[in-house]
Amino acid sequence: MGRIRFLVAIGIAIIAIAVMVRLGVWQLERMHEKEQRLASIAQKKHHGPLSLSAVATLADDPRDYPVVVSGFLHHRLRIYIDNQIENGRVGYQVVAPLSTAQGLVLVNFGWVPGTASRATLPSVNLPAALQHATGTIAIPSDNPIIRETARHISNQQLLLQQLDIPRVSKIINEPLLPFVVQLTGPAPPGFIRNWQAVVMPPEKHLGYAVQWFGLAVAATVVAFIVFFVRGKGYVRTQKK
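First residue of the sequence shown? That's 0 in numbering that gives the first Met the number 0, and the numbers climb one at a time after it.
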């Protein structure tokens with residue numbers, strides 16, 4: 000029975016070390032993904048902003064391309080994306096549909112702080128139209144953990160947990176372009192625009208990878224000492 004426990008302990012240690020190594024490799028993979036994304040962003044910015052009509056002809060993913068948009072706000076509807084953090088403060092991102100020559104597109108005007116009461120959304124003043132406004136194309140991610148509870152606070156205010164273009168299209172009963180334009184020019188009073196295409200830089204992933212590999216090495220050394228140095232005496236004792 001003692002030998003079985005000994006072998007089980009070795010097996011558990013091997014599995015734990017393998018998991019640490021795999022986590023380190025995964026962090027390195029994430030680091031390379033972030034490096035490629037940042038390189039892609041730099042390359043797309045190098046060519047300057049595109050028009051929406053030019054975006055429609057792109058063969059690759061339009062994400063991260065700089066664009067110039069013109070049009071007028073098609074609806075009085077203001078979409079508030081809940082639980083957005085900026086410098087430790089909770090607030091909302093404010094989005095509105097913009098009517099352009101290429102169709103309706105959602106435009107993100109930036110972040111605004113929340114009010115004292117969660118039952119009241121902050122009042123915002125948006126321009127009636129945009130002329131040659133610069134921005135960056137973003138495609139909203141779908142977080143399956145978030146349970147959407149879309150609700151109208153008023154006829155002009157819609158609160159969402161995450162931006163869902165098909166859902167908004169259904170609510171306004173009109174088709175929307177399949178991306179969002181995050182405005183990058185000077186923000187209206189009360190707004191903050193701090194877009195981060197890559198939230199965690201590659202260097203942090205490298206740091207985490209080094210930590211996991213370091214833990215794996217330390218665990219290997221400890222396991223060797225426990226099981227193959229001290230363990231020899233334990234096994235000999237069990238045989239007597």
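Virtual Cβ for every residue (Gly too), placed ideally from N, Cα, C.
Under the 10 Å beta carbon count, V111 is surrounded by 16 or more other beta carbons and is classified as buried. Judged by DSSP in its simplified three-state form, Q156 adopts strand.
DSSP places V198 outside any beta strand (DSSP E), giving it a letter other than H or E.
A Cβ-Cβ distance of about 6 Å is found for the pair N193 and E85, placing them in contact under the 8 Å criterion. Note that the segment 172 to 180 does not touch the segment 5 to 25; fewer than 3 beta-carbon pairs, one per stretch, sit closer than 8 Å. Annotation note: the segment 26 to 109 contains the following uninterrupted alpha helix (DSSP H) runs of length 4 or greater, listed N- to C-terminal: 51 to 54. DSSP places I16 within a helical segment (H, G or I) once states are collapsed to three. Counting only residues of its own chain and dropping the five nearest sequence neighbours on each side, F226 has a CB closer than 8 Å to the CB of F5, A8, I9, A12. Per DSSP, the continuous beta strand (DSSP E) segment holding I136 begins and ends at 128 to 137. Excluding residues up to 5 positions away in sequence, D63, A196 lie with their Cβ nearer than 7 Å to the Cβ of I40 in the same chain.
Look at L162 here: in three-state DSSP terms it is coil, with no helix or strand label. Note on geometry: alpha-carbon atoms of F108 and V18 lie some 43 Å from one another. In the structure shown, the three-state DSSP call for V180 is strand.
The three-state secondary structure of V111, taken from DSSP, is strand.
An exposed status is given to I224, since fewer than 16 other beta-carbon atoms sit within 10 Å of its beta-carbon.
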